[in-house]
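Protein chains in written order, with my numbering: chain A, 21 to 473; chain B, 10 to 526.
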């Protein structure tokens, strides 16, 4: 049996990824019949015996008996799951996504038992755990979709909030199993070289993905807390495979992002961006989706054209918005915001992007300041900009582009309010002298910090 | 017997040569005793038609099982092994029930010489069969009727279907020990008080820490509510409570209009649950009482019991929406945000089912509420909920404008909106208006120099009078920040800046409200 040969090869070279490939329930292009031939090599009656023979007899490396038994159990569960997958592919009556999920759950449990029990599967086989966990998630999602399509009656026995809860029943169950995988890795006390701790970030990522999907981002905090508590016993982040770390940092960044904790978010997202593989286009795009708004909020940086160029979707999201901010075009900014609102809200970036209006406003007021020109130069001295600007001039700038109908007209108090905010946020230096109706800006090219004037 | 039994009965129970697997899956009963009757008839061929031989098949099954001459193939043995494997145990099915069923399946197969024909590996485990059968019974009560009663049923029996379900649950409940049931997901508890899964965990923890005596007390109190016969039929003392989490809705029989609220600790007793017509009258009474007496403690308690009765009876219609909306508004008026939020959470689900009511009014409240609680993740979700159509609505538009004004620090706009709030949104805005005043003052103190007329603050920050403004400023800073000059009171901005900055930080700590999603 070919699968068994693959297994033996992977085992003799102790290659985790190769081993995980054996447990991948999809046919490969160069072997389109791999699942069929595996399923047909035996029947349920001789399953365990055949597995034993095929996996471990002959010139295979010496594997301890309990470990052998664990693998036989795992492959027996795998065999059944493959049976369900094939039934589904062949549209066999009685096949269902729920049945696949149920069978795959058994496999996941067998695998977990293999690690936690006396059989003690070695840590190098952890990629199997990732693969099985990954498909546990996909199969659960499919099962939920299937369940939802069948149970269209709407009013079942559920009550109250359970409408939303039931929708993800299978995925939630999957999350509980993944949580056991997480603990399995985190609580391993073996010496670090052969510890399952090396699997901690990948299993965490799996759970992150799942929690985001079932809309329980709050639960991710528990994982982070558990990780934090164990951080002394964990190898440094850099020691882990980059693929684990990029995903992990991305999610941690987004979690902070959602809490409006942009400084922290920026840190993690930048790490993810730095480590992300060049070719991982989709991932880079995802990271930027959150990193760009972060930058806008923390240090008011806008994405350059060259950065956005390779990502048409990001260009569409942020392109016109950044242009309007640069130009200080408030009307254009508002239009771009409402045009992209649905997408922004869906991606949860509306709130930080909205803050870009302050930058647009700053840029507009800066233009007013520059347009104000210079004071009469005293002899010999370099010319000084006019730092006393009437509030009315700022108000006039705000009216540019707006229709001067009564509704949209800005009154002086509101202009002052906007000015006060810029001062308060440190985007502008100076003060408002209310009684005289002027703004006194800071001299020596510090009126608009960081912009050269 | 076959000739005397109704036709549907005969097809279900007559020993036939159909494959066992399909026969089993089609078998509607779940009482093993019932099932074995087909076995017995197989052997004896004809049963006495009065159909009462429960003990008899019991014996025959026991006799049959250990018969040595049956050679069980390995697949069957594996199947039996799987039945007893601990990971395959189901909490709601007791060991003995499972064994009975297993014995039945195997002997049946042996009798019909099907041992080699059944795909034992695929055959559902007996505990699963039992569960499936139960579910089927619940889903189709007419099945339950003849599946359960040991007497031959007549069409007239259909009216008693609920009762027969109950008795059966009690039977099976006795079989399974209480610690098993503890594992069961108790949906009734979910429904009654916990608005979300996250909450549920917390609450359950809470529960376990409470003393048992406390729990007992509560139970007693609840039983005390029972009007009339709370005797034998009371599910409170029946052990069946969580045997079947999927049990259907309760149908209430209570006719009293007023009822105190008790958090359910077990399945509700129909005698203390009011049916819809009574609830409708109760709501009218409550509305009248609220207008006349305005006793919030009483009203809140009454509304909670009203909601509970709706919940346990699975009533979800316009009336449900009405009850939640009224309770939510009253809670808002009284500033009871915990209670308000519970209603709001439920309303969101109810509106999603298009049951009428005032969805936009409450969508607006929801946005204002999240501004108050500063729950940005939830705010994101709330924004995603707003449709283009909703935005046409005055209240929703107002709430969205409030949100964006605050996000940009535009206190000028914010207080204009505050003074012009539709519906009961002002109650919510009152909750955070002082916080925003402090935020605005912190900005004003940084931006204006050397001082500002207190009149300006009164107008800008929506105070009612200069006196109120002055008092607010003094409450949050000190006397030396105010100064009288040219016949007006002025706020010395640089002196006050640090104070308001501090006050703002304190006011902006995350608000944590009980019952928040």
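Note that CB positions come from ideal geometry on N, CA and C, so glycine has one too. Computed from a predicted structure; not experimentally measured.
Within 10 Å of its beta-carbon, does residue 319 of chain A have 16 or more other beta-carbons around it, so buried, or fewer, so exposed? Under this definition residue 319 of chain A is an exposed residue.
When you check each C-beta in the stretch 414-445 of chain B against every C-beta of chain A, which residues fall closer than 8 Å? Residues of the stretch 414-445 of chain B that bring their beta carbon within less than 8 Å of a beta carbon in chain A comprise 416, 417, 418, 419, 420, 421, 422, in sequence order.
Output needed for residue 114 of chain A: all residues of its chain with C-beta closer than 8 Å, excluding positions within five of it in sequence on either side, in chain order. 107, listed in sequence order.
Should residue 357 of chain B be labelled buried (16 or more other beta-carbon atoms within 10 Å of its own) or exposed? Residue 357 of chain B is classed as buried because its beta carbon has at least 16 other beta carbons within 10 Å across all chains shown.
Just to confirm the assignment, what range does the beta strand (DSSP E) spanning residue 492 of chain B have? That run of the beta strand (DSSP E) goes 491-494.
Can you tell me which of B:120, B:110, B:465 puts its alpha carbon nearest to the alpha carbon of residue 92 of chain B? Ranking B:120, B:110, B:465 by Cα distance to residue 92 of chain B puts B:110 first.
Can the beta-carbon of residue 404 of chain A be found less than 9 Å from the beta-carbon of residue 395 of chain A? Their beta carbons are under 9 Å apart, which means residue 404 of chain A touches residue 395 of chain A by this criterion.
Closer than 9 Å, Cβ to any Cβ of chain B: which residues of the stretch 277-300 of chain A, in chain order? Within the stretch 277-300 of chain A, the qualifying residues are 278, 279, 280.
Closest residue to residue 343 of chain B among B:482, B:96, B:436, B:472 (Cα-Cα distance): For the residues B:482, B:96, B:436, B:472, the minimum Cα distance to residue 343 of chain B belongs to B:436.
Buried or exposed: residue 34 of chain A, going by 16 or more other Cβ atoms within 10 Å of its Cβ? Exposed: under 16 other Cβ atoms inside 10 Å.
Measuring only the C-alpha atoms, how far is residue 295 of chain B from residue 341 of chain B? Each residue's Cα considered, the two are about 17 Å apart.
Beta carbon of residue 452 of chain A nearer than 9 Å to that of residue 467 of chain A: It is not a contact, given that the beta carbons lie outside the stated cut-off.
In or out: residue 336 of chain B buried (at least 16 other Cβ within 10 Å) or exposed? The residue in question, residue 336 of chain B, is buried, as its Cβ has 16 or more Cβ neighbours within 10 Å.
In whole angstroms, what separates the C-alpha of residue 351 of chain A from that of residue 410 of chain A? Their Cα atoms are separated by approximately 22 Å.
When you compare the CB of residue 500 of chain B with every CB in chain A, is at least one pair closer than 9 Å? For residue 500 of chain B, the answer is no, since every Cβ of chain A falls outside 9 Å of its Cβ.
Three-pair Cβ contact test at 8 Å for the stretch 154-170 of chain A versus the stretch 79-99 of chain A: Short answer: they don't touch.
Does the beta-carbon of residue 115 of chain B have 16 or more other beta-carbons within 10 angstroms, so that it is buried, or is it exposed? By the C-beta density criterion, residue 115 of chain B is buried, having at least 16 other C-beta atoms within 10 angstroms.
Neighbour flag for residue 388 of chain B against chain A, beta carbons, 9 Å: It does: the Cβ of residue 388 of chain B has a partner Cβ on chain A nearer than 9 Å.
Buried or exposed: residue 197 of chain B, going by 16 or more other Cβ atoms within 10 Å of its Cβ? Any reading at residue 197 of chain B is ruled out, since the residue's pLDDT is 45, under 50, leaving its predicted position unreliable.
CB of residue 354 of chain A within 9 Å of CB of residue 386 of chain A, strictly: Contact flag unset, no.
At the 9 Å Cβ level, is residue 128 of chain B part of the contact set with chain A, yes or no? So yes, residue 128 of chain B belongs to the interface.
Continuous beta strand (DSSP E) assignments of at least 3 residues falling wholly in the stretch 73-97 of chain A: None, since the stretch 73-97 of chain A contains no complete beta strand (DSSP E) of that length.
Taking the alpha-carbon positions, what's the residue 286 of chain B to residue 365 of chain B distance? Per the coordinates, the alpha-carbon of residue 286 of chain B lies some 19 Å from the alpha-carbon of residue 365 of chain B.
Residue 413 of chain B by DSSP, collapsed to three states: which one? For residue 413 of chain B, the secondary structure class from DSSP, reduced to helix, strand or coil, is helix.
Could you list the residues in the stretch 371-400 of chain B with a C-beta less than 7 Å from some C-beta on chain A, going in chain order? Answer in chain order: 385, 386, 389, 392, 393.
Residues, ordered as in the chain, of the stretch 235-246 of chain A that lie near chain B by beta-carbon distance below 9 Å: Answer set for the stretch 235-246 of chain A: 235, 236, 237, 238, 239.
Curious, which full-length beta strand (DSSP E) runs of at least 3 residues does the stretch 100-130 of chain A contain? Correct list: empty.
Can you pull out the residues from the stretch 57-71 of chain A whose beta carbon lies closer than 7 Å to at least one beta carbon of chain B? Listed by position, the residues of the stretch 57-71 of chain A near chain B (Cβ gap below 7 Å) are 64, 65.
Can you tell me whether DSSP reads residue 352 of chain A as helix, strand or coil? Helix, per DSSP.
Report back the beta-carbon spacing between residue 145 of chain A and residue 75 of chain A to the nearest angstrom; my notes put them in contact at under 8 Å. Contact check for residue 145 of chain A and residue 75 of chain A: beta-carbon distance about 13 Å, past the 8 Å limit, so the pair fails to qualify.
Is the number of C-beta pairs between the stretch 442-459 of chain A and the stretch 354-372 of chain A that are closer than 8 Å three or more? The answer is no - the stretch 354-372 of chain A does not touch the stretch 442-459 of chain A, with fewer than three Cβ pairs under 8 Å.
Tell me the residue span of the beta strand (DSSP E) that contains residue 497 of chain B. It spans 497-501 - the beta strand (DSSP E) in which residue 497 of chain B sits, taken as one unbroken run.
Measuring only between beta-carbons, confirm whether residue 119 of chain B sits less than 9 Å from chain A. Judged by the 9 Å Cβ criterion, residue 119 of chain B is not in contact with chain A.
Could you check what DSSP says for residue 411 of chain A in three-state terms: helix, strand or coil? Helix.
Supposed close pair residue 284 of chain B, residue 321 of chain B - CB separation, criterion 8 Å: Incorrect: roughly 11 Å between the Cβ atoms, too far for contact.
Say whether the stretch 311-319 of chain B touches the stretch 263-270 of chain B, bearing in mind that this needs 3 or more beta-carbon pairs closer than 8 Å, one atom from each stretch. Contact holds: three or more Cβ-Cβ distances are below 8 Å.
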